[in-house]
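Asks:
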Amino acid sequence: MVQTDYLIVGGGAAGLSLAYHLSQEPRLADKTVLLIEPEAKDQNDRTWSFWTAEPHPFEAIVAHEWHRIAFRSPGFERVIGLGPYRYQMIRGLDFYTFVRQALATNPRFTLQRGTVDELANTPTGVRARGSAGTATARFGFDSRPPAVVQNPAKHRYLLQHFVGWEVETDTDAFDPSVVEFMDFRGPQHHEARFIYVLPFGPRRALVEYTLFSETPLPKAEYEAHITDYLQHTLGLAAGQYRVIAEEAGAIPMTDHPLPARVGAHIVNLGTRGGRAKPSTGYAFRRIQAHSARLVAALAATGHLPADATGDRWQFRLFDTLLLDIMQRQGETTRDIFRQLFARNSVDRIFRFLDETTSWADNLRVMNSVAPGPFMRSIGHVLRGRPGKKRQE
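All letters in the sequence shown, in the order written, are residues 38 to 429 by our numbering.
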């Protein structure tokens with residue numbers, strides 16, 4: 038049996054972020070940490086993109102950075118300077134390597150390959166059992182994928198799903214200073230559908246076709262929309278570009294309760310702890326803020342914070358309302374985002390999505406969009422059941 042102070046289950050973004058924050062806190066220099074992860078994490082299995090106005094611990098591994106974004110929809114297009122913000126991208130493999138190298142020189146940290154099948158509270162801490170045996174700790178942090186038993190009569194269940202091509206072109210096709218944040222000019226099919234482009238140079242970019250809906254599409258359908266964008270929006274002939282890498286994913290977006298705590302000694306991390314924002318899917322910076330909050334409490338008091346996340350209830354309501362709109366009338370999402378970008382500064386939009394706006398700014402944001410869809414969703418929330426999807 039292994040005994041440790043802190044046990045982290047899962048070595049993805051959430052588990053490694055918490056481990057890194059623990060390693061940087063001098064007041065916890067006497068604490069031991071065991072991290073258990075089933076996979077080698079030696080491939081670039083994902084990328085994270087996010088906006089930030091503050092320095093962060095992972096600046097050294099930022100692969101690309103942009104200072105302008107573009108929003109496009111029928112009848113409205115705008116290229117927006119980000120002011121104090123930067124839009125950044127970090128590759129998964131760079132992140133895994135960076136954190137593991139930082140932990141490898143610290144004898145208090147042990148990284149172990151294996152699975153955890155059971156993580157339970159005990160009177161004095163936690164006990165984990167799995168393929169690597171048994172371990173006990175004062176506190177446990179669980180970043181395994183959540184096991185959600187869906188209740189569609191009460192909650193909303195969508196996916197943000199996408200396929201992306203990293204392409205090289207024979208001619209200059211991209212503006213490397215501008216992220217195509219949301220291009221809604223394509224058909225919506227009663228869903229929220231857009232093109233997202235991260236340009237790495239005038240002849241190289243990641244082009245993704247992204248949807249918010251209940252079920253993924255056949256892969257060929259995503260690829261057909263990417264091809265249409267490359268050929269008809271950018272004007273590239275079939276032989277003028279090459280696909281050099283692909284990525285795909287599906288991020289759960291739900292208002293199903295995801296508990297931040299399990300008993301006295303276990304905290305849920307990452308998606309399991311609701312750190313992927315339900316209405317957008319952005320998670321990386323929320324994970325960092327969560328890790329910093331946990332470590333600050335442990336360093337100051339030796340205990341977990343009573344409020345593990347610091348989430349504010351009104352933003353959970355805003356997320357539920359937008360999910361309800363997406364689920365029953367997804368094409369309306371395009372109009373909502375068009376109104377947001379036409380009537381608000383990017384600073385206010387980012388602070389709203391970061392859940393740091395004041396009540397006054399929340400009212401300004403809500404007053405900037407048409408009230409009808411939200412009033413109908415408020416009615417569904419008050420009745421305790423989601424709205425029904427609009428049919429073709």
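Where is the CB? At the ideal position from N, CA and C, for every residue including glycine.
Does the contact criterion of 3 or more C-beta pairs under 8 Å hold for the stretch 201-212 versus the stretch 74-83?
Replies: The stretch 201-212, when compared against the stretch 74-83, does not touch it at the 8 Å Cβ threshold.
Asks: Please state whether DSSP places MET126 in a helix, a strand or coil.
Replies: strand
Asks: Distance check for LYS191 and LEU359, CA to CA, integer angstroms please.
Replies: 15 Å
Asks: On the DSSP letters alone, give me the boundaries of the beta strand (DSSP E) that TYR319 sits inside.
Replies: Unbroken run through TYR319: none, as it is neither H nor E.
Asks: How about the stretch 279-290 and the stretch 193-203: do they share at least three Cβ pairs that are nearer than 8 Å?
Replies: Result yes; three or more Cβ-Cβ pairs closer than 8 Å.
Asks: Mapping the DSSP letters down to three states, classify GLY118 as helix, strand or coil.
Replies: Residue state, collapsed to three classes: strand.
Asks: Nearest CA to the CA of SER168: which residue from PRO160, ARG330, ASP154 and ASN158?
Replies: ASP154
Asks: Going by C-alpha distance, which of PHE221, ARG309 and GLY120 is nearest ARG371?
Replies: PHE221
Asks: Within 10 Å of its beta-carbon, does HIS262 have 16 or more other beta-carbons around it, so buried, or fewer, so exposed?
Replies: By the 10 Å Cβ count, HIS262 comes out buried.
Asks: With distance defined between alpha-carbon atoms, name the residue in TRP88, TYR43, ILE45 and SER60 nearest to TYR319.
Replies: TRP88
Asks: On the three-state DSSP scale, how would you describe GLN277?
Replies: helix
Asks: Going by DSSP, what residues sit across from HIS198 in a beta bridge?
Replies: Answer is LEU248 and ALA287, bridged to HIS198.
Asks: Does DSSP put SER54 in a helix, a strand or coil?
Replies: helix
Asks: Could you say which of LEU55, GLY151, PHE108 and ARG128 lies nearest to ILE373 if we only look at CA atoms?
Replies: PHE108
Asks: Among GLN40, ASP79 and ILE117, whose alpha-carbon lies nearest the alpha-carbon of ARG145?
Replies: Distance check between ARG145 and each of GLN40, ASP79 and ILE117 places GLN40 closest, using alpha-carbon atoms only.
Asks: Would you say the stretch 102-116 touches the stretch 57-65, given that touching needs at least three Cβ pairs under 8 Å?
Replies: Judged by Cβ distances under 8 Å, the stretch 102-116 makes no contact with the stretch 57-65, as fewer than three pairs qualify.
Asks: Give a yes or no on contact between the stretch 46-61 and the stretch 322-339, applying the rule of three or more CB pairs nearer than 8 Å.
Replies: yes
Asks: Could you give the DSSP three-state label for ASP79: helix, strand or coil?
Replies: It is coil, neither helix nor strand.
Asks: When the Cα atoms are used, what is the spatial distance from GLN268 to PHE378?
Replies: 27 Å
Asks: For GLU96, which of helix, strand or coil comes out of DSSP?
Replies: helix
Asks: Ordered along the chain, which non-local residues of its own chain (more than five positions away) have a Cβ less than 6 Å from that of THR142?
Replies: none
Asks: Are the beta-carbon atoms belonging to GLU283 and TRP202 less than 8 Å from one another?
Replies: yes
Asks: Who pairs with LEU71 in a beta bridge, going by DSSP?
Replies: LEU44 and THR147
Asks: Please check the pair LEU71 and THR147, which I expect to be a contact at CB under 8 Å, by giving their CB distance rounded to whole angstroms.
Replies: Going by Cβ atoms, the distance from LEU71 to THR147 rounds to 5 Å, so yes, they are a contact pair.
Asks: Which residue's Cα is closest to the Cα of SER60: PRO92, GLY276 and VAL136?
Replies: VAL136
Asks: Would you mind listing the beta strand (DSSP E) stretches within the stretch 319-391 that are 3+ residues and don't spill past its ends, in chain order?
Replies: Taking 3 residues as the shortest admissible run, the stretch 319-391 contains no complete beta strand (DSSP E) segment at all.
Asks: Would you check whether the ligand NAP has a heavy atom nearer than 7 Å to the C-beta of ALA242?
Replies: Although the ligand NAP was asked about, the structure shown includes no ligands whatsoever.
Asks: Among ARG298, ARG385, ILE386 and VAL406, which one has its Cα closest to the Cα of GLY347?
Replies: ARG298
Asks: I need the straight-line Cα distance from GLY47 to GLY177, nearest angstrom please.
Replies: 11 Å
Asks: CB-CB under 7 Å to HIS58, same chain, minus the five flanking residues each way: which ones, in chain order?
Replies: Excluding residues within five positions, the ones whose Cβ falls inside 7 Å are SER328, ALA329 and VAL332.
Asks: So ALA174 packs on TYR43, CB below 8 Å; how close in whole Å?
Replies: 6 Å
Asks: Can you give me the C-alpha to C-alpha distance between ILE386 and ARG123, rounded to a whole angstrom?
Replies: 14 Å
Asks: Considering PHE265, what are the terminal residues of the alpha helix (DSSP H) in which it resides?
Replies: The residue you asked about is not Phe; residue 265 is Asp in the sequence shown. For ASP265, the enclosing alpha helix (DSSP H) starts and ends at 256-265.
Asks: Could you compute how far the alpha carbon of GLU228 sits from the alpha carbon of ALA139?
Replies: 43 Å
Asks: Am I right that GLY36 and HIS302 are in contact with their C-beta atoms under 8 Å? What's the rounded C-beta distance?
Replies: Missing from the structure shown is residue 36; the chain here goes from 38 to 429 and no further.
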